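So the structure is just underneath, and the comments pick up after that.
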Amino acid sequence: MFWLTASTIVAALMAVTMIFVRLKAAKKPASVKKIILPPLFMSTGALMFLVPVFRVDFLQVLEAILVGTIFSIFLIKTSKFEIRDENIYLIPSKSFIYILFGLLLVRIIIKIAIGSTISFGETSGMFFLLAFSMIISWRLAMLYKFKKLEKKLEQSEGT
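Add 223 to a position in the sequence shown, counting from 1, and you land on the number used in this note's numbering.
Spelled out as structure tokens, the structure:
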């Protein structure tokens, strides 16, 4: 029970941090680097799978990736860019905060539901994969949208 509570508190703190980072990021122009670095940094968390207690079965990997990808749809839909002052900016979405906390709540409910049947290590591994696949999907969609606008910006500057 301690680990469930501790990991939930950490997840909530990460969600709050992400909200502030996102609000701050909206004040500065977006870039490819700012889009791809967060998942790259997060990928180091995969080192947890070197420890046997965190390893998960192939089916659990597929489940976590599928759920993470589905969750990412909400983030993708609320991530929009605009061209302002010849730069590309991320438009802050009012619903982002609600979506982020809603996803956190759903993750907590799922964690509580499966935590009684799956070990804490496996649950941790699955939730890392869920979060990582959610961020990868979201950031790839953001990169696609950014590159599309970047091309449009370059065309308008060329004329």
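Using N, Cα and C, we set each Cβ at its ideal position, and we do this for glycine too.
This structure is a prediction, so every number in the text was calculated from the model and none was measured.
- Taking 9 Å as the cut-off, the Cβ atoms of residue 299 and residue 360 count as close.
- For residue 304, the uninterrupted beta strand (DSSP E) segment begins and ends at 303-307.
- Cβ neighbours of residue 334 within its own chain (closer than 8 Å, five residues either side excluded): 227, 230, 231, 346, 350.
- In this structure, the alpha-carbon of residue 357 lies about 5 Å from that of residue 295.
- Around the C-beta of residue 313, 16 or more other C-beta atoms lie within 10 Å, and the residue is accordingly described as buried.
- By the CB criterion at 9 Å, residue 304 and residue 372 fall inside the cutoff.
- Taken in chain order, the complete alpha helix (DSSP H) segments of 4 or more residues contained in the region 252-320 are 255-265, 281-301.
- Around the Cβ of residue 267, a 10 Å sphere holds fewer than 16 other Cβ atoms; the residue is exposed.
- Between the region 315-334 and the region 235-255 there are three or more inter-stretch CB-CB distances shorter than 8 Å, so the stretches are counted as touching.
- Rounded to the nearest whole angstrom, the CA to CA distance from residue 380 to residue 270 is 44 Å.
- For residue 346, the secondary structure class from DSSP, reduced to helix, strand or coil, is helix.
- Nearest in C-alpha terms to residue 369, of all of 225, 257, 243, is 257.
- Spatial neighbours of residue 310 in its own chain (CB-CB distance under 7 Å, excluding positions within 5 residues in sequence) are listed in chain order as 252.
- The C-beta distance from residue 255 to residue 366 rounds to 7 Å, short enough to meet the 8 Å contact threshold.
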